[in-house]
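Visitor:
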């Protein structure tokens with residue numbers, strides 16, 4: 349992005365809150381606060397250092413105020429951009445800009461959701477759209493299914509290829525003790541599961557879990573003296589193409605194309621430089637679309653590309669190494685977890701799922717119905 | 046100038062109540078605008094003309110929704126010949142038989158219970 353300096357800020361602390369099904373009655377602000385405390389511990393900073401605060405949730409109207417009150421702080425910079433699951437990738441760019449301008453120095457970005465405990469309908473109230481609602485699309489699944497139908501029509505992508513994405517995610521999840529799913533999954537297992545919105549069965553769709561977390565962003569200068577190796581923000585890019593699926597300009601090309609281009613340009617890197625790829629896999633088609641749009645394979649070839657275990661552990665390309673939204677966790681808006689995993693991979697903290705010699709990690713967030721796309725490229729000290 | 050009571054949605058629904066699928070045309074952009082709005086998204090002009098579609102289109106994308114209760118049904122995106130796309134449903138054939146590229150014709154669906162009418166489509170029988 350023009351105006352942001354490559355490596356000018358870094359993510360220095362990351363943490364999940366409780367995940368899966370959290371204690372009955374725990375609020376989304378409880379989860380944000382829990383994540384904040386753990387992320388500050390992770391980098392050795394404390395609440396009194398925090399002068400920038402960002403949050404987004406569908407379950408609290410003025411969440412950043414509620415969180416500031418809860419934490420007992422009066423941050424000089426607040427951000428509550430909410431554009432769906434990619435909100436947190438936007439927050440990283442906004443925090444970086446605010447830090448560069450001296451508006452704040454230590455920014456916390458937090459998320460929380462209790463959608464599993466309270467039910468999806470309660471957690472995320474759907475707006476009435478008079479041009480879509482009468483047709484009863486099962487949103488968001490049906491919107492992504494429409495995009496998938498177009499990809500299958502234009503490029504011959506198959507349900508088996510979509511299923512390969514879910515199987516790879518599950519294999520990664522089995523290497524992650526924090527993952528919700530604990531049992532192996534096969535292509536046939538995906539195909540024979542309950543149909544939700546053709547071509548998706550329930551196994552083509554992300555999990556419905558509770559969860560939250562936080563990350564801490566500060567200047568490259570401040571980052572040097574903290575507990576763990578910084579994950580420098582090398583590149584950011586964003587693109588909004590539509591809000592509702594009936595207005596998506598091209599159902600087979602997402603805003604990830606423009607977001608990725610901007611992020612690569614700022615990072616002065618390309619797809620072949622990326623060691624760990626964390627993509628917002630709300631549905632199996634997402635991974636295919638984003639691998640194409642972010643330049644890891646050609647447009648239309650994503651289905652064949654993900655087949656044969658290519659993106660599974662030991663498959664050659666490390667994609668969604670925590671198990672993704674399909675098998676690790678998906679508390680409504682998943683974008684923060686992409687950043688958490690990317691940072692941990694760069695630090696070498698990932699144990700059985702660790703990507704060897706991971707220097708550059710890419711986190712790509714998606715919001716709405718393929719609507720808001722945001723890419724963040726992170727790197728170790730060696731990449732500066 | 047339209048009166049204060051003529052919202053884009055109201056005008057659209059009034060046409061549907063008369064059996065017409067209405068859309069807007071932007072003279073400045075030289076192309077159709079849908080959904081109806083107060084400003085052309087291509088030029089920023091507030092001059093938008095109402096036109097009536099011939100009601101013929103092509104299925105652009107399709108899915109079959111399998112609800113927890115009740116029968117599966119179709120949801121489709123249809124490209125009308127005048128150059129606009131809308132969400133709709135193809136009726137009169139099983140939902141899984143709706144095909145991308147299929148030619149379809151508009152008709153009005155009037156739901157029970159006083160809900161506003163909405164446009165659905167049926168396959169055009171080839172000669």
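Chains as they are written, first to last, in our numbering: chain W, 349 to 732; chain R, 46 to 172.
Virtual Cβ for every residue (Gly too), placed ideally from N, Cα, C.
Can you tell me which residues form a DSSP beta bridge with residue 455 of chain W?
Guide: Here residue 455 of chain W corresponds to residue number 107 of the first chain, with the count starting at 1. The bridge partners DSSP lists for residue 455 of chain W are W:400, W:565.
Visitor: In whole angstroms, what is the alpha-carbon distance linking residue 509 of chain W and residue 569 of chain W?
Guide: As a working mapping, residue 509 of chain W is identified with position 161 in the first chain. As a working mapping, residue 569 of chain W is identified with position 221 in the first chain. Straight-line Cα distance between these residues: approximately 45 Å.
Visitor: If we cut at 7 Å on Cβ distances, does residue 488 of chain W have a partner in chain R?
Guide: Within the first chain, numbered from 1, the residue matching residue 488 of chain W stands at position 140. So, not an interface residue.
Visitor: Going straight from the alpha carbon of residue 393 of chain W to that of residue 502 of chain W, what length do you get?
Guide: The sequence position of residue 393 of chain W within the first chain is 45, counting from 1. The sequence position of residue 502 of chain W within the first chain is 154, counting from 1. Those two C-alpha atoms are separated by around 51 Å.
Visitor: Which chain W residues are close to residue 134 of chain R, counting only those with a beta carbon under 7 Å from its beta carbon?
Guide: Looking up residue 134 of chain R in the second chain gives position 89. Within 7 Å Cβ-Cβ: 483.
Visitor: Can you give me the C-alpha to C-alpha distance between residue 46 of chain R and residue 57 of chain R, rounded to a whole angstrom?
Guide: Residue 46 of chain R sits at position 1 when you count from the first residue of the second chain. Residue 57 of chain R sits at position 12 when you count from the first residue of the second chain. With a pLDDT of only 48 at residue 46 of chain R, under 50, the local geometry of the prediction cannot be trusted, and the value read off the model is given with reservation. In this structure, the straight-line span from the alpha carbon of residue 46 of chain R to that of residue 57 of chain R is close to 17 Å.
Visitor: Taking 7 Å as the CB-CB cut-off, is residue 746 of chain W touching chain R?
Guide: Because chain W is modelled from 349 through 732, residue 746 of chain W falls outside the range shown and cannot be assessed.
Visitor: Ends of the beta strand (DSSP E) at residue 360 of chain W?
Guide: On the first chain, position 12 is the one that residue 360 of chain W refers to. It spans 357 to 364 - the beta strand (DSSP E) in which residue 360 of chain W sits, taken as one unbroken run.
Visitor: Using three-state DSSP, classify residue 170 of chain R as helix, strand or coil.
Guide: Within the second chain, numbered from 1, the residue matching residue 170 of chain R stands at position 125. Note: residue 170 of chain R maps to coil in three-state DSSP.
Visitor: Counting Cβ pairs, one atom from each stretch, are 3 or more of them under 8 Å apart for the region 613 to 622 of chain W and the region 573 to 587 of chain W?
Guide: yes
Visitor: Where does residue 144 of chain R sit, in a helix, a strand or coil, going by DSSP?
Guide: Along the second chain, read from residue 1 onward, the residue named residue 144 of chain R stands at position 99. In this structure, residue 144 of chain R counts as coil in the three-state DSSP scheme.
Visitor: Cα separation between residue 419 of chain W and residue 365 of chain W?
Guide: Locating residue 419 of chain W in the first chain gives position 71, where the first residue counts as 1. Locating residue 365 of chain W in the first chain gives position 17, where the first residue counts as 1. Near 15 Å, if we compare the C-alpha coordinates of residue 365 of chain W and residue 419 of chain W.
Visitor: Let me make sure I understand the geometry here. Which of W:642, W:718, W:629, W:685 has the alpha-carbon closest to that of residue 515 of chain W?
Guide: Residue 515 of chain W sits at position 167 when you count from the first residue of the first chain. Checked all of W:642, W:718, W:629, W:685; the closest Cα to residue 515 of chain W is W:629.
Visitor: For the region 543 to 558 of chain W, which residues have a CB atom closer than 7 Å to at least one CB atom of chain R, in sequence order?
Guide: 543, 544, 545, 546
Visitor: Determine, for residue 492 of chain W, whether the minimum Cβ-Cβ distance to residues of chain R falls below 7 Å.
Guide: Numbered from its first residue, the first chain carries residue 492 of chain W at position 144. It does not: the Cβ of residue 492 of chain W has no partner Cβ on chain R nearer than 7 Å.
Visitor: Given that residue 62 of chain R touches chain W, what residues does it touch there, using C-beta distances under 9 Å?
Guide: Indexing the second chain from 1 puts residue 62 of chain R at position 17. When 9 Å is used as the limit between beta carbons, residue 62 of chain R is near no residue of chain W, the shortest such separation being about 14 Å.
Visitor: Any Cβ of chain R within less than 7 Å of the Cβ of residue 474 of chain W?
Guide: As a working note, residue 474 of chain W is residue 126 in the first chain. Not an interface residue.
Visitor: Which residues in the same chain as residue 484 of chain W place their Cβ atom closer than 8 Å to its Cβ, once the five residues preceding and following it in sequence are excluded?
Guide: Start at 1 with the first residue of the first chain, and residue 484 of chain W comes out as number 136. Here the set comprises nothing.
Visitor: Taking only beta-carbon positions, decide if residue 143 of chain R is within less than 7 Å of chain W.
Guide: Residue 143 of chain R sits at position 98 when you count from the first residue of the second chain. For residue 143 of chain R, the answer is no, since every Cβ of chain W falls outside 7 Å of its Cβ.
Visitor: For residue 663 of chain W, which residues of its own chain have a beta-carbon under 6 Å away from its beta-carbon, when the five flanking residues on both sides are left out?
Guide: Stepping through the first chain from its first residue, residue 663 of chain W is reached at position 315. Here the set comprises 657.
Visitor: Quick one: what's residue 584 of chain W bridged to in DSSP?
Guide: Taking the first residue of the first chain as 1, we reach residue 584 of chain W at position 236. According to DSSP, which records beta bridges pairwise, residue 584 of chain W is partnered with W:724.
Visitor: Under 9 Å between beta-carbons, which chain R residues line up against residue 510 of chain W? List them in chain order, please.
Guide: Position 162 of the first chain, counting from 1, holds the residue named residue 510 of chain W. Chain R residues near residue 510 of chain W: none, gap ~13 Å exceeds 9 Å.
Visitor: Use the C-beta contact count for residue 542 of chain W: other C-beta atoms within 10 angstroms, 16 or more gives buried, fewer gives exposed.
Guide: Counted from its first residue, the first chain places residue 542 of chain W at position 194. Counting Cβ neighbours within 10 Å, residue 542 of chain W comes out exposed, since fewer than 16 surround it.
Visitor: The region 102 to 117 of chain R: which residues have C-beta closer than 9 Å to a C-beta of chain W, in chain order?
Guide: 105, 106, 107, 108, 109, 110, 111, 112, 117
Visitor: Please name the residues in the region 58 to 87 of chain R whose beta-carbon is closer than 7 Å to at least one beta-carbon of chain W, in chain order.
Guide: 80
Visitor: Please report how far the alpha carbon of residue 672 of chain W lies from the alpha carbon of residue 428 of chain W, in whole angstroms.
Guide: Here residue 672 of chain W corresponds to residue number 324 of the first chain, with the count starting at 1. Here residue 428 of chain W corresponds to residue number 80 of the first chain, with the count starting at 1. C-alpha separation (whole angstroms): 24 Å.
Visitor: Please report the distance separating the alpha-carbon of residue 60 of chain R from that of residue 436 of chain W.
Guide: As a first step, residue 60 of chain R is located in the second chain; it is residue number 15 there, counting from the start. As a first step, residue 436 of chain W is located in the first chain; it is residue number 88 there, counting from the start. Going by the C-alpha atoms only, they are around 43 Å apart.
Visitor: Using the DSSP secondary-structure output, state which residues sit across from residue 95 of chain R in a beta bridge.
Guide: Residue numbering aside, residue 95 of chain R sits at position 50 when the second chain is read from its first letter. Answer is R:69.
Visitor: Expressed to the nearest angstrom, what Euclidean distance is found between the alpha-carbon atoms of residue 55 of chain R and residue 432 of chain W?
Guide: Numbered from its first residue, the second chain carries residue 55 of chain R at position 10. Numbered from its first residue, the first chain carries residue 432 of chain W at position 84. Taking the CA atoms as reference points, residue 55 of chain R sits about 29 Å from residue 432 of chain W.
Visitor: Answer yes or no: does any C-beta atom of chain W fall closer than 7 Å to that of residue 149 of chain R?
Guide: The sequence position of residue 149 of chain R within the second chain is 104, counting from 1. False, the Cβ-Cβ gap to chain W never drops below 7 Å.
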